[in-house]
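Worksheet: one structure, shown below.
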Amino acid sequence: MKACIMCGGKGTRLRPLTFDRPKPNIPIINKASVVHLVEQLAKEGFTEIIITLGYMGDKILEKLGDGSMFGVHVEYVYEETKLGTAGGVKNAEKYLCNEPFLVVGGDHVMDLELRNMYRFHERNDAIITIGLLSIDDPREFGIADMDVNNRINRFLEKPGPGETFSNLASTGIYMCDPEIFKWIPENQPYDFAKDLFPSLMAEDRRINGLLVRGHWTDVGNPAAYRQAQRWMLESMPGTTIEGHFNTKDSRINGPLKIGNNVVIGSNSAVVGPVVLGENTTIGNNVLIGPYTTIGSNCVIKDGCRILSSYIFNDVTIGSNCNTSGTVIDNTTVVGQNCSLENGTVIGPRVHIGNDSTIHSNVKIWPDLTIKSGSTIQDNLLNPDYG
Numbered sequence: 003m004k005a006c007i008m009c010g011g012k013g014t015r016l017r018p019l020t021f022d023r024p025k026p027n028i029p030i031i032n033k034a035s036v037v038h039l040v041e042q043l044a045k046e047g048f049t050e051i052i053i054t055l056g057y058m059g060d061k062i063l064e065k066l067g068d069g070s071m072f073g074v075h076v077e078y079v080y081e082e083t084k085l086g087t088a089g090g091v092k093n094a095e096k097y098l099c100n101e102p103f104l105v106v107g108g109d110h111v112m113d114l115e116l117r118n119m120y121r122f123h124e125r126n127d128a129i130i131t132i133g134l135l136s137i138d139d140p141r142e143f144g145i146a147d148m149d150v151n152n153r154i155n156r157f158l159e160k161p162g163p164g165e166t167f168s169n170l171a172s173t174g175i176y177m178c179d180p181e182i183f184k185w186i187p188e189n190q191p192y193d194f195a196k197d198l199f200p201s202l203m204a205e206d207r208r209i210n211g212l213l214v215r216g217h218w219t220d221v222g223n224p225a226a227y228r229q230a231q232r233w234m235l236e237s238m239p240g241t242t243i244e245g246h247f248n249t250k251d252s253r254i255n256g257p258l259k260i261g262n263n264v265v266i267g268s269n270s271a272v273v274g275p276v277v278l279g280e281n282t283t284i285g286n287n288v289l290i291g292p293y294t295t296i297g298s299n300c301v302i303k304d305g306c307r308i309l310s311s312y313i314f315n316d317v318t319i320g321s322n323c324n325t326s327g328t329v330i331d332n333t334t335v336v337g338q339n340c341s342l343e344n345g346t347v348i349g350p351r352v353h354i355g356n357d358s359t360i361h362s363n364v365k366i367w368p369d370l371t372i373k374s375g376s377t378i379q380d381n382l383l384n385p386d387y388g
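If you want this note's numbering, it's the position in the sequence shown, counting the first as 1, plus 2.
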């Protein structure tokens, strides 16, 4: 079975995390999001994968190669200009024109049964089948009005007040017949939800919906990113230790995933689910709470409290710091006695001075220095990054 992964976007809502990497490469439990996606597709039997590339596309190629490491074959198609979702898939038509194929976003994190969606589509006569999920607040998604026979009669992208006629949200996962290529113009921006679906419905072409079950999110903003990290951690089957692990007088409760050469100091406590990357050192009297990931080559100094936080690689956190629901990008240094409140997102190579407080939901752009004793209440942007 074939699948097309759309990886052309810039991920602007996830800045500052997408200045150094494309959105599909953002780490989830210390592994690029797109790697998790390819592994899920392989598990479901989609072994021929075509990836449409745009912003920082070469970095996605570096992560996946030819796909053989994951038991799949990967082809890449570059977009010279932005073509939209349907236009990007049209650009890969030569790889997809012979049989039904799946379309997913490169920022999707899920455990849905995609093979069932493929089989459902094969048994029916719709040109497209859309994966639908019932959610509490569908305003950031396309919504569908579906009848008892699975036919979609109305579709509206990102409804406004008074327009939310359904809570069935589009996952952005589509099973498509190759016939759709006749409906998509070449070399111009064209979108599935805004352009293709209305055109098909106007001509009374059948579009089906399928109610899917399980976890799904598109990692489009920091809140969705934290949600994806959380449920991936929840799904960890148990504790694994890779290579050498050194600890003394610490209290450790799984599930955990611990990389090679991790050190945990005296009287520290780690309460899973937690992932610790290789060559990371945890000091004395440190509390690492559930739903935390710490990358490789990190140093967490004495007396810290790291709670539901997602720390990338080569990060140093000084003694007696508190992080709660924080995301910290590569090579950032946090001084001692700092507090990073819930929802803060710290870009790469930031230096935060001692005794500083970063208020909730603040974002700090890369390569900035925060003076000691600072209280940061608003986003800090770096003009070098636009």
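All C-beta atoms in this analysis are idealised placements derived from N, C-alpha and C, irrespective of residue type, glycine included.
Collapsing the DSSP output to three states places residue 110 in a strand. Comparing alpha-carbon positions, the option among 256, 66, 43 and 259 lying closest to residue 117 turns out to be 43. Each of 367, 107 and 34 was checked against the Cα of residue 11, and the nearest Cα belongs to 107. With fewer than 16 other beta carbons inside 10 angstroms of its own, residue 99 counts as exposed. DSSP, reduced to helix, strand and coil, places residue 133 within a strand of the structure shown. For the 8 Å CB-CB criterion, residue 257 and residue 245 do not form a contact. For residue 122, the CB contacts under 7 Å within the same chain, skipping 5 residues up- and downstream, are 131 and 212 in chain order.
Shown here, residue 125 sits in a helix according to DSSP, grouped into three states.
Residue 55 sits close to residue 78, with the two beta carbons spaced by under 8 Å. Rounded to whole angstroms, the separation of the alpha carbons of residue 24 and residue 222 is 12 Å.
Rounded to the nearest whole angstrom, the C-alpha separation of residue 284 and residue 291 is 13 Å.
Straight-line spacing of the CA atoms in residue 193 and residue 96 works out to 19 Å.
Closest in alpha carbon position to residue 252, among 219, 304, 205 and 215, is 304.
Note on residue 164: under 16 other CB atoms within 10 angstroms of its CB, so exposed under the neighbour-count rule.
Assigned with DSSP and collapsed to three states, residue 138 falls in coil, not helix or strand. About 7 Å separates the beta carbon of residue 160 from that of residue 144, a gap short enough to meet the 8 Å contact definition.
Scanning its chain for C-beta atoms nearer than 8 Å, with the 5 sequence neighbours on each side dropped, one finds around residue 41 the residues 72, in chain order.
Contact between the stretch 63-71 and the stretch 131-140 is absent: fewer than 3 CB-CB pairs across the two stretches fall below 8 Å. In this model, residue 314 and residue 84 are separated by some 30 Å (Cα to Cα).
Cβ-Cβ distances below 6 Å link residue 250 to 268 in the same chain, with the five nearest sequence neighbours on each side left out; the list follows chain order. Residue 118 sits in a helix when the DSSP states are folded into three classes. Within the DSSP bridge table, the entry for residue 388 names no partner.
Setting aside the 5 residues that flank it on each side, residue 301 is surrounded in the same chain by 283 and 318, each with a C-beta closer than 6 Å to its C-beta; the list follows chain order. Between residue 146 and the set 162, 129 and 166, the nearest pair of CA atoms involves 166. Taking the Cα of residue 156 as reference, the smallest distance to any Cα among 26, 354, 335 and 206 is reached at 206. In this structure the stretch 331-350 touches the stretch 15-29; the number of beta carbon pairs closer than 8 Å is three or more. When DSSP states are grouped into helix, strand and coil, residue 48 belongs to the coil group.
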